[in-house]
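Those letters in the sequence shown? Residues 124 to 300, by our numbering.
Virtual Cβ for every residue (Gly too), placed ideally from N, Cα, C.
Inspection log for the structure reproduced underneath, given as structure tokens.
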Amino acid sequence: MSSRADKAAKGQKDKHHAILRELVQEPTNKTCAECLAKGPRWSSWSLGVFVCIRCAGIHRNLGVHISKMKSIDLDSWTPEQLQNVLRWGNKRAAEYYECYLPKDFTRPQATHALEAFIRNKYEKKLYIKKDGEPPENPQSKVDRLKNDSREDKEKEKKTTSTASRQRRAEKKVDLSK
124 MSSRADKAAK GQKDKHHAIL RELVQEPTNK TCAECLAKGP RWSSWSLGVF VCIRCAGIHR
184 NLGVHISKMK SIDLDSWTPE QLQNVLRWGN KRAAEYYECY LPKDFTRPQA THALEAFIRN
244 KYEKKLYIKK DGEPPENPQS KVDRLKNDSR EDKEKEKKTT STASRQRRAE KKVDLSK
């Protein structure tokens with residue numbers, strides 16, 4: 124038998140996965156942020172980008188001090204992790220991490236060259252925007268996540284306070300006997 128907390132956690136997990144599935148359907152997130160392969164199923168939630176499985180392996184090799192990877196479908200996501208992906212996305216990350224990438228740059232396809240490119244991009248920060256981060260993605264997505272989190276907390280408070288009132292009422296009934 125599941126507890127209310129288990130049901131709430133499953134509901135939140137389902138909601139997070141729905142948001143992630145929606146995000147990878149956006150035109151700018153439909154391709155890997157690194158090699159442009161179609162249909163990324165992984166994300167570096169710390170960098171806010173969506174990547175293919177091959178580039179996910181390269182990101183893992185960078186170390187968790189640079190890139191923290193999660194599967195879009197298989198892993199559980201915290202609200203903070205999801206919020207960072209919502210704030211960034213492939214387009215905004217490219218505006219920041221690839222700002223000074225040469226216009227005629229061709230993305231490498233060989234694994235060793237791709238790893239060198241990714242290391243130059245995130246570890247050495249060779250192409251990074253020098254004058255600060257680009258503007259955040261449209262607020263509607265972030266607001267939706269915040270509103271969902273706020274609604275979940277309010278529901279939890281109501282459920283908890285209703286349960287507390289019911290227990291107090293039951294105790295009063297027991298005391299009157």
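In the structure shown, the three-state DSSP call for Thr229 is coil.
Going by DSSP, Val187 is part of no beta strand (DSSP E) at all; its letter is neither H nor E. Straight through space, the alpha carbons of Asp227 and Gln135 are spaced by roughly 43 Å. Around the beta carbon of Asn184, fewer than 16 other beta carbons sit within 10 angstroms, so the residue counts as exposed.
Taking 8 Å as the cut-off, the Cβ atoms of Thr234 and Arg164 do not count as close.
DSSP links Ser167 through a beta bridge to Val172 and Met192.
Within its own chain, the residues whose Cβ lies closer than 6 Å to the Cβ of Glu259, once the five positions on either side in sequence are excluded, are Arg210, listed in chain order.
Across the set Lys130, Cys222, Val208 and Met192, the C-alpha of Val208 shows the shortest separation from the C-alpha of Gly171. Rounded to whole angstroms, Glu145 and Lys253 show a C-alpha spacing of 31 Å. For the pair Leu159 and Arg230, the CB atoms are nearer than the 8 Å cut-off. In the DSSP annotation of this structure, the continuous segment of the alpha helix (DSSP H) that includes Gly212 starts and ends at Gly212 to Tyr220.
At the C-beta level, Ile195 and Tyr219 stay beyond 8 Å of one another.
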